Amino acid sequence: MTNLKRRTFIRAVGAAAALGTLGFPSLVLGAARRVVVVGGGVGGCTAAKYLRKLDPSIAVTLIESKPAYTSCFMSNEVLSGERTLQSLTFGYDGLRRHGIEVLQDTVVGIDPQSRQVQTAGGRAFDYDACVVSPGIGFKWGAIEGYDEQVANEAIPHAWNAGPQTQLLRNQIESMPEGGHVIIVAPADPFKCPPGPYERASQIAHYCKHHKPRAKITILDAKDAFSKQALYIEGWTKLYGYGTDNSLIQWVGAAGGGAVEALDPSTRTLTGLVEEFQGDVVNIIPPQKAGAIAFAADLVDGDWCPVDKRTFESSRHKGIYVLGDASSAATMPKSAYAANSQAKVAAAAIVAGFQGKEPDDPTFVNTCYSVVGEDFGISVAAVYRLNGETNTIESIPGSGGVSPANASPEIRRREVSYAHSWFKNVINDMME
Ligand SMILES: Cc1cc2nc3c(=O)[nH]c(=O)nc-3n(C[C@H](O)[C@H](O)[C@H](O)COP(=O)(O)OP(=O)(O)OC[C@H]3O[C@@H](n4cnc5c(N)ncnc54)[C@H](O)[C@@H]3O)c2cc1C
């Protein structure tokens with residue numbers, strides 16, 4: 001998609017049937033059409049940029065709470081000391097160079113009737129289309145004793161990259177040799193399905209070199225996880241998995257891995273079968289769409305239902321919900337998925353402004369994970385719309401996981417693909 005020329009891209013999404021201008025107030029008035037984008041993460045940035053690339057006459061305003069974006073993807077490498085948080089933090093000047101107005105503020109309301117976005121700073125923005133990509137929120141209270149304050153001060157989730165990632169890194173570094181790290185992994189669906197296991201791998205990578213007698217226990221609310229066979233292959237090869245000296249242990253739900261409560265003062269977790277005590281505890285809580293999705297009445301349950309052809313909200317016309325907050329199974333909640341969905345939504349919005357029908361979209365996703373030194377693995381798929389059922393289906397034979405027992409050269413290359421994918425996606429969303 002990145003290389004697609006603007007005209008080809010518009011043609012690809014355009015079909016014959018014309019829509020009226022009703023619902024696009026600026027069109028009726030003959031003014032430039034306005035799109036307000038809520039959230040300057042992967043989905044929001046990509047949508048803002050591609051809207052301008054497809055039609056530079058559209059006035060795009062992106063509203064983001066934070067002054068810069070810190071990517072979660074690759075943030076597990078901060079925990080191993082392989083990279084810094086700084087290397088994951090990017091400003092918005094690249095988007096400004098595309099003519100996008102980027103404002104730091106928090107959106108607190110979206111009125112689908114008057115087509116207006118309101119911010120905590122007291123500003124209001126009219127829109128013809130609104131793109132919402134706020135990422136996730138956490139289900140506080142799901143684990144007794146674990147709340148936002150405990151997460152910020154003592155037991156970080158580090159599932160939104162930032163100060164908690166640094167706190168977790170500092171705790172791992174200052175943990176005594178022979179210490180015990182516990183990672184609590186949530187039930188599906190959650191942001192980045194392979195992420196907790198990459199996290200365990202990266203912490204093990206650090207411990208292998210600096211604290212070889214440490215133990216990392218993953219307490220899991222599930223009985224299976226993404227790329228499981230490949231992770232276990234890597235853990236066996238790199239960290240002695242399955243032996244008494246393994247750096248990593250995984251306890252699935254059937255083995256008592258689901259956690260019910262935390263005592264933060266002793267870092268003790270209560271499972272269904274037994275208690276677990278850690279020197280460092282990292283709880284990744286169960287998740288739901290970001291707060292603005294609830295405030296704007298975009299959710300059904302925990303996530304936002306959408307028309308999978310356009311990513312327009314099923315609840316309110318003119319609002320497009322992308323990325324982690326959307327209900328877009330079978331696509332995972334990943335950066336690559338958000339990036340792909342944003343291009344589809346941008347094309348659909350432009351087609352609508354031009355009085356055209358959007359075409360049937362295809363989507364793509366690859367999730368790389370760096371298990372350790374020269375050991376990368378991946379899962380990939382190309383997806384298409386099933387318009388009859390409003391579902392996204394992976395195209396048979398289009399992807400799959402990287403091969404089992406692959407050669408060292410393939411594993412080494414997957415690490416380099418992971419790092420170049422990171423540069424490419426940041427470039428595609430922000431530059
Ligand atoms: C440890 C970890 C590793 C990961 N690794 C990978 C990987 O290797 N590959 C991959 O594809 N994905 C990976 N991911 C997943 C990826 O980070 C997310 O899926 C992706 O960022 C989703 O994009 P998004 O636009 O939905 O949300 P985000 O990128 O989270 O962006 C949401 C933005 O909205 C802003 N916002 C929220 N509410 C408001 C509001 N009311 N007003 C203004 N701004 C608001 C937030 O501040 C944030 O900047 C990983 C995630 C984690 C946690």
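As numbered in the UniProt record's numbering, the sequence shown has no gaps in its residue numbers, which increase by one up to the final residue, 431.
Where is the CB? At the ideal position from N, CA and C, for every residue including glycine.
Nothing here was measured: the structure is a model prediction, and the numbers come from that model.
Under 7 Å from any heavy atom of ligand 1, does the C-beta of Y368 make it? yes
Is it the case that the CB of T330 approaches a heavy atom of ligand 1 more closely than 7 Å? no
Cα separation between I248 and G271? 18 Å
Would you mind listing the beta strand (DSSP E) stretches within the region 243-318 that are 3+ residues and don't spill past its ends, in chain order? 248-251, 259-263, 268-271, 275-277, 280-283 and 287-289
From the DSSP output, in three-state form, read off K215 for me. strand
Rounded C-alpha distance that separates Y92 from R52: 15 Å
Kindly indicate which three-state DSSP category L85 falls into: helix, strand or coil? coil
Are the CB atoms of F90 and I426 nearer to each other than 8 Å? yes
Give the list of continuous beta strand (DSSP E) stretches no shorter than 3 residues that lie fully inside the region 320-376. 362-372
Relative to the C-alpha of P176, which candidate in Y241, V280, T84 and G234 has its C-alpha closest? V280
Alpha-carbon to alpha-carbon, R199 and D220: 13 Å
Taking 7 Å as the cut-off, is the CB of L322 close to at least one heavy atom of ligand 1? yes
Using three-state DSSP, classify G234 as helix, strand or coil. helix
Roughly how many angstroms separate the alpha carbons of G234 and Q116, rounded to a whole number? 50 Å
What is the DSSP secondary structure of F73, counted as helix, strand or coil? coil
Neighbour-count burial assignment, L22, 16 or more Cβ in a 10 Å radius: Because L22 sits at a pLDDT of 42, beneath the cut-off of 50, its placement in the model cannot be relied upon, and the point is left open.
Identify which residue in I283, A258, E274 and A254 has its Cα closest to the Cα of P264. I283
Report all residues from its chain with a CB closer than 6 Å to the CB of E431; omit the five preceding and five following residues, and keep chain order. G94
Can you find a C-beta in chain B that's less than 8 Å from the C-beta of R384? Looking at the structure shown, chain B is missing, and only one protein chain is on hand.
Excluding the five sequence neighbours on either side, which residues of its own chain have a C-beta within less than 6 Å of the C-beta of P305, listed in chain order? S314 and S327
Tell me the rounded alpha-carbon separation between S80 and V364. 29 Å
Would a C-beta distance cut-off of 8 Å place K333 and K222 closer than the cut-off? no
Below 6 Å CB to CB, which residues in the same chain sit around W159 once its five sequence neighbours on both sides are set aside? I284
Between which two residues does the alpha helix (DSSP H) carrying G44 extend? V42 to L54
What I want to know is whether the C-beta of Y69 ends up closer than 7 Å to one or more non-hydrogen atoms of ligand 1. yes
When DSSP labels each residue in this structure, what does T389 get in the three-state scheme? coil
heavy atom of ligand 1 below 7 Å from S226 C-beta: no
Rounded C-alpha distance that separates residue 501 from W250: Outside the shown range of the chain (1 to 431) lies residue 501, about which nothing can therefore be said.
Let me make sure I understand the geometry here. Which of K308, A289 and D307 has the alpha-carbon closest to that of V299? A289
Mark Q149 as exposed unless 16 or more other C-beta atoms lie within 10 angstroms of its C-beta, in which case mark it buried. exposed
Which one or two residues does DSSP pair with I58 in a beta bridge? According to DSSP, I58 bridges with nothing at all.
Alpha carbon to alpha carbon, what distance is there between G355 and S87? 42 Å
Quick check: the Cα distance between A335 and K423, rounded to an integer number of angstroms? 12 Å
Do the CB positions of V107 and V35 come within less than 8 Å of each other? no
Can you give me the start and stop residues for the alpha helix (DSSP H) that E173 sits inside? P163 to S174
With which residues is A129 paired in a DSSP beta bridge? V35
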